[in-house]
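>
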Amino acid sequence: MAVKKERRNFLGMALGGFTALGGVAALGAMKRSWDPLPSVKAAGFTTIDLSGAQENVLNVEKWRGKPIFVLKHSKDMKSSPRDVVVGDDKYFIAIGLCTHLGCIPAYVPGVHEFHCACHGGQFDANGDVLKSPPPSPLVIPPFKVDGTKIVLGEEGPEYKKMKTDGLIA
Ligand code: FES
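Heads up, the sequence shown stops at 1442 in this note's numbering, and the numbers go up one at a time, no gaps.
So this is what it looks like as structure tokens:
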């Protein structure tokens, strides 16, 4: 009798152990299915190397499906608190969507302005509104300066300061 009872106890413990292991494995599988895929994680950040940028030439990058304007200032462009300083150079960086209804403004290098063809809105080379209907400046995306690169999607100290200074909506 005692042997049977011990055997039953052993079987009960073994079954309990397997059940617990199965539960842990199931939890692990559930967590993996909730975590974003590596490709989704990587899509949140975009690194742009600015070392080859030319003055007054607009580069249009892509971040989270949106166009991003990157414009290296030339010496004759006026400075702005919205300037992004990378090394010895100043850049204008913004989401390239008009703040009126979302068209993509074109850069006119001869006058250092962005012109929106949809309803005639204009912005200066710092993204400030020159001519309505856009209600507000071009939007600066979260960024972090990293040597000669900027990382879009990450809030670095320069971006946080702009936010504190009320330059970011
Ligand atoms: S969408 Fe640019 S002015 Fe209307």
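From the three backbone atoms N, C-alpha and C, an ideal C-beta is built for every residue, glycine too.
Remember, it's a predicted structure, so these values are computed and weren't measured experimentally.
(1) To the nearest angstrom, how far is the alpha carbon of Cys1391 from that of Cys1376?
(2) Please report the distance separating the alpha-carbon of Lys1339 from that of Gly1317.
(3) When you get a sec, list the residues whose CB is within less than 5 Å of any heavy atom of ligand 1, chain order please.
(4) Just checking: is the beta-carbon of Pro1430 within a distance shorter than 8 Å of some beta-carbon in chain D?
(5) What do you get for Val1343, buried or exposed, if any count of 16 or more other CB atoms within 10 angstroms of its CB means buried?
(6) Could you have a look at Gly1439 and say whether DSSP puts it in helix, strand or coil?
(7) Cutting at 7 Å between CB atoms, please list the residues of its own chain near Gly1393, excluding the five before and the five after it.
(8) Ignore the nearest five residues each way along the sequence and tell me which others in Trp1336's own chain have a CB closer than 7 Å to its CB.
(9) In the DSSP assignment, what residue or residues form a beta bridge with Glu1328?
(10) State buried or exposed for Lys1363, treating a residue as buried only when at least 16 other CB atoms are found within 10 Å of its CB.
(11) Measure from the alpha carbon of Lys1434 to the alpha carbon of each residue in Ser1324, Glu1334 and Val1357, then state which is nearest.
(12) Given a cut-off of 8 Å on the beta-carbon distance, is the pair Ser1353 and Glu1328 in contact?
(13) So for Glu1431, helix, strand or coil by DSSP?
According to the structure shown:
(1) Cα to Cα, Cys1391 sits roughly 7 Å from Cys1376.
(2) Each residue's alpha carbon lies about 12 Å from the other.
(3) Selection output, chain order preserved: Cys1371, His1373, Leu1374, Cys1376, Cys1389, Cys1391, His1392 and Gly1394.
(4) This model lacks chain D altogether, as it is built from one protein chain only.
(5) Burial is judged here by how many other beta carbons sit within 10 angstroms of a residue's own beta carbon; Val1343 has at least 16 and is buried.
(6) Of the three classes helix, strand and coil, the one that applies to Gly1439 here is coil, per DSSP.
(7) Short of 7 Å from the beta carbon of Gly1393, and not among the five residues preceding or following it, lie these beta carbons of its own chain, in chain order: Lys1404.
(8) Short of 7 Å from the beta carbon of Trp1336, and not among the five residues preceding or following it, lie these beta carbons of its own chain, in chain order: Thr1319, Pro1414, Leu1425 and Gly1426.
(9) In the DSSP assignment, Glu1328 forms a beta bridge with Lys1345.
(10) When all chains shown are included, Lys1363 counts as buried.
(11) When only C-alpha atoms are compared, the closest one is Val1357.
(12) Contact annotation: Ser1353 and Glu1328 have beta-carbon atoms that are not nearer than 8 Å.
(13) Looking at Glu1431 - three-state DSSP - the assignment turns out to be helix.
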